[in-house]
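Q:
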Amino acid sequence: MDKIKIQKFKSVKLAYIEHIGRYDEVPYDKYVPRLYEWAKEHKVRPGFKNINVFHDDPEKVNPSECKCWIGIPVNGKANSDDEVKIEEVPEMEVATMKFKGPNTEYKDAYRVIGEWMDEHGYDWDLPSYEVCSKKPKIVNGQMILSTTIHVPIKKK
-18 MDKIKIQKFK SVKLAYIEHI GRYDEVPYDK YVPRLYEWAK EHKVRPGFKN INVFHDDPEK
42 VNPSECKCWI GIPVNGKANS DDEVKIEEVP EMEVATMKFK GPNTEYKDAY RVIGEWMDEH
102 GYDWDLPSYE VCSKKPKIVN GQMILSTTIH VPIKKK
């Protein structure tokens, strides 16, 4: 895990597919290619990194009811449809940390960010955003993630 920094998360137009269920069971391998296919069909230019938005804290919400968006940034005019929605994500101040490792250690990354925020006088302002620098890989039966976690913050 990397050190935590405060940065601006730039506004972005996000095309996404909503998923309800456990965060460790999101079928990225299904959703991400579908989003790029959708972008091609709608003649919008997609970004290179997918952005995932996690709306719920699985410590407070039943994990099977947690909501997330698996998305890609897009440039151009497109409308939502039954499968893919469009949302303008505003600019915000975030605490960021890079994470590369097995998804089983992912909760630890969020715990570290939460502790850092407490120590530095910040409150968590859900949802959290994750920008994937690489596609998740399966190594020895475990999913390996390469992301930057962005947690919107506000002063206590």
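This note's numbering numbers the first residue of the sequence shown as -18 and each following residue consecutively.
By construction, the Cβ of each residue, glycine as well, lies at the ideal position given by its N, Cα and C atoms.
Please list, in chain order, all residues of the same chain as Val13 whose beta carbon is under 6 Å from its beta carbon, the five residues on each side excluded.
A: The residues are Asn31.
Q: What residues in its chain sit with their C-beta under 8 Å from that of Ile(-2), if we drop five residues either side in the sequence?
A: Counting only Cβ-Cβ distances below 8 Å, and skipping sequence neighbours, we find Tyr12, Arg15, Leu16, Trp50, Ile51, Gly52, Glu64, Val65 and Lys66.
Q: Please report the residue range of the beta strand (DSSP E) in which Ala(-4) lies.
A: Unbroken beta strand (DSSP E) run through Ala(-4): Val(-7) to Ile1.
Q: Do you know offhand how far Ala90's Cα is from Asp99's?
A: If I take the Cα positions, the gap works out to 14 Å.
Q: If you follow the beta strand (DSSP E) that Glu104 is part of, which residue opens it and which one closes it?
A: Strictly speaking, residue 104 in this sequence is Asp, with Glu absent from that position. Its beta strand (DSSP E) spans residues Tyr103 to Trp105.
Q: Go ahead and pull the three-state DSSP assignment for Ser109.
A: DSSP places Ser109 in strand when its eight states are reduced to three.
Q: Are Pro39 and Tyr4 close, meaning C-beta to C-beta below 8 Å?
A: In contact: Pro39 and Tyr4 (Cβ atoms closer than 8 Å).
Q: If we require 3 or more residues per run, which beta strand (DSSP E) segments fall completely within the stretch 59 to 106?
A: Listed in chain order, they are 66 to 70, 73 to 83 and 103 to 105.
Q: His101: buried (16+ other C-beta within 10 angstroms of its C-beta) or exposed?
A: Exposed, since its Cβ has fewer than 16 Cβ neighbours within 10 Å.
Q: Looking at C-beta atoms only, is the number of pairs between the stretch 113 to 129 and the stretch 78 to 98 that lie closer than 8 Å three or more?
A: A contact exists between the stretch 113 to 129 and the stretch 78 to 98.
Q: Let me make sure I understand the geometry here. Which of Ala20, Pro117 and Ser114 has the alpha-carbon closest to that of Asp62?
A: Here the closest residue by C-alpha is Ala20.
Q: Find the nearest neighbour of Asn43 within the set Thr77, Ile1 and Ala59, judged by alpha-carbon distance.
A: Per the Cα distances, Ile1.
Q: Give the secondary structure of Pro27 by DSSP, where H, G and I count as helix, E and B as strand, and everything else as coil.
A: Strand.
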